[in-house]
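Every letter in the sequence shown is one number past the one before it in numbering that gives the first Met the number 0, and letter 182, counting from 1, is 181.
Ideal Cβ positions, reconstructed from N, Cα and C, are used throughout, including at glycine.
Quantities reported herein were computed from a predicted structural model and do not represent experimental measurements.
This report refers to the structure that appears directly beneath it.
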Amino acid sequence: MKSYDIVIIGGGPAGLAAAISARENGIENLLIIERDEVLGGILNQCIHNGFGLHRFNEELTGPEYAYRFIEKVIDLKIEYKLNTMVLNIDADKNITYINKEEGFIQIKSKSIILAMGCRERARGALNIAGYRPAGIFSAGAAQHLVNIEGYMPGKEVVILGSGDIGLIMARRMTFEGANVKVVAEILPFSGGLKRNIVQCLDDFNIPLKLSHTIIDIKGKDRIEGVIIAKVDENMKPIKGTEEYYSCDTLLLSVGLIPENELSKEIGIEINPITSGPIVNESLETNIEGIFSCGNALHVHDLVDFVSEEAETAGKSAAIYILNKKTKREKEEYIYLKASNGIRYTVPSIVNIENIDKELTVRFRVGGVFTNKFLNVYFDGARLIHKKH
Numbered sequence: 000m001k002s003y004d005i006v007i008i009g010g011g012p013a014g015l016a017a018a019i020s021a022r023e024n025g026i027e028n029l030l031i032i033e034r035d036e037v038l039g040g041i042l043n044q045c046i047h048n049g050f051g052l053h054r055f056n057e058e059l060t061g062p063e064y065a066y067r068f069i070e071k072v073i074d075l076k077i078e079y080k081l082n083t084m085v086l087n088i089d090a091d092k093n094i095t096y097i098n099k100e101e102g103f104i105q106i107k108s109k110s111i112i113l114a115m116g117c118r119e120r121a122r123g124a125l126n127i128a129g130y131r132p133a134g135i136f137s138a139g140a141a142q143h144l145v146n147i148e149g150y151m152p153g154k155e156v157v158i159l160g161s162g163d164i165g166l167i168m169a170r171r172m173t174f175e176g177a178n179v180k181v182v183a184e185i186l187p188f189s190g191g192l193k194r195n196i197v198q199c200l201d202d203f204n205i206p207l208k209l210s211h212t213i214i215d216i217k218g219k220d221r222i223e224g225v226i227i228a229k230v231d232e233n234m235k236p237i238k239g240t241e242e243y244y245s246c247d248t249l250l251l252s253v254g255l256i257p258e259n260e261l262s263k264e265i266g267i268e269i270n271p272i273t274s275g276p277i278v279n280e281s282l283e284t285n286i287e288g289i290f291s292c293g294n295a296l297h298v299h300d301l302v303d304f305v306s307e308e309a310e311t312a313g314k315s316a317a318i319y320i321l322n323k324k325t326k327r328e329k330e331e332y333i334y335l336k337a338s339n340g341i342r343y344t345v346p347s348i349v350n351i352e353n354i355d356k357e358l359t360v361r362f363r364v365g366g367v368f369t370n371k372f373l374n375v376y377f378d379g380a381r382l383i384h385k386k387h
């Protein structure tokens with residue numbers, strides 16, 4: 000059985016950055032496993048610009064951003080496998096994968112970095128009434144059809160959900176000649192970045208209906224239209240507010256879910272809020288030597304932050320291999336508690352002895368807040384009091 004020091008599962012932006020970081024921190028024997036036919040992950044279909052502003056101080060398209068990391072992986076001679084699906088991981092860090100060239104293979108690794116990314120929430124999770132006609136796509140699937148395959152899903156479009164992919168596809172479909180009639184969002188605020196609302200909706204006079212959702216889908220063979228209604232504070236449709244929009248295409252941009260089927264199989268503890276692993280300050284899971292980063296850990300707004308986080312995971316895995324730090328008991332950890340508008344933090348647990356100079360804590364709020372203070376307390380004492 001072939002053995003590696005570190006195996007990275009996923010060759011998207013997180014996996015690439017983690018691999019480069021591990022190599023630059025002294026690990027020679029490492030492998031990236033990617034199920035797609037090319038490295039780069041979701042970035043390959045994100046041909047719009049807006050990537051790299053934080054990382055490179057310039058505006059890049061998704062493929063351009065990915066290429067900078069792919070080029071470095073090649074320059075560093077990091078081994079990678081494409082068209083390869085990981086079927087199983089066990090607690091001893093044995094990895095089983097399958098591909099066309101090798102068949103069914105098992106390898107062993109001293110450490111594993113989980114960088115599988117995330118998937119889109121499907122229609123089945125929404126409980127929308129109506130038939131199951133053709134013409135209903137996730138926003139990401141439509142993006143792949145248009146940008147990679149060269150097909151137009153339709154001409155008269157309604158979009159449910161105002162996540163960034165949905166906003167970007169509203170603009171993309173408009174560029175390709177479609178009529179995007181409306182974007183409906185069940186929440187009283189958009190889930191996308193402000194710049195995307197302006198550049199993708201406002202600039203093209205596409206209406207955004209907040210506190211609205213689809214309550215019925217019309218059409219049997221192909222979608223013919225949808226009924227949209229306003230919702231109350233409990234997300235329940237308000238009678239008498241129904242509006243009908245004819246369309247031949249419905250795009251769903253209703254959330255992303257971290258891919259963690261492999262994680263769950265080996266007993267990694269999952270945060271019910273993020274749907275990603277519970278990790279410590281090193282981005283290590285409850286299973287020693289297994290780390291998580293990127294959208295497999297929690298959904299990020301910007302790929303620049305995915306790369307930054309993945310570099311931490313790569314460095315932490317390298318330190319684990321080279322120093323083989325002893326696993327500390329759980330009672331030595333400090334548990335981070337999020338409250339008063341903060342939904343979650345990453346990491347969830349911290350061992351102060353493992354922190355070099357500073358600790359980055361990422362968090363997500365549960366709404367839109369103005370003139371609020373961010374407070375951080377430790378042992379009853381307030382360490383940070385900052386207005387946002």
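Annotation for Asn87: the continuous beta strand (DSSP E) segment containing it runs Met84 to Ile88. Counting along the chain, the unbroken beta strand (DSSP E) around Asn178 starts and ends at Asn178 to Glu184.
Taking the C-beta atoms as reference points, Phe103 is found no nearer than 8 Å to Ile94. Spanning the alpha carbons of Thr83 and Ile32 requires a straight line of approximately 6 Å. In the three-state DSSP reduction, Ala17 falls in the helix class (H, G or I). Distance from the CA atom of Lys385 to the CA atom of Lys371, rounded to whole angstroms, is 8 Å.
Ranked by how close their Cα comes to the Cα of Gly11, the residues Asn24, Val230 and Cys45 have Cys45 in first place. In the three-state scheme derived from DSSP, where H, G and I count as helix and E and B as strand, Gly218 is classed as coil. DSSP places Glu223 outside both helix and strand once states are collapsed to three, so it counts as coil.
By the Cβ neighbour-count rule, Glu119 is buried, with 16 or more other Cβ atoms within 10 Å of its own. The region 274 to 291 makes no contact with the region 183 to 200; the number of CB pairs closer than 8 Å stays below 3.
Pro257 is bridged by DSSP to Cys117.
Rounded to whole angstroms, the Cβ separation of Glu184 and Leu209 is 5 Å, and the two are in contact under 8 Å.
CA-CA distance, Ile5 to Asn279, rounds to 19 Å. DSSP places Asn285 in the coil class of the three-state scheme, outside both helix and strand. Separation of Val305 and Asn294 (C-alpha to C-alpha, rounded to the nearest whole angstrom) is 7 Å.
Counting the other CB atoms within 10 Å of its CB gives Gly275 a total of 16 or more, which places it among the buried residues.
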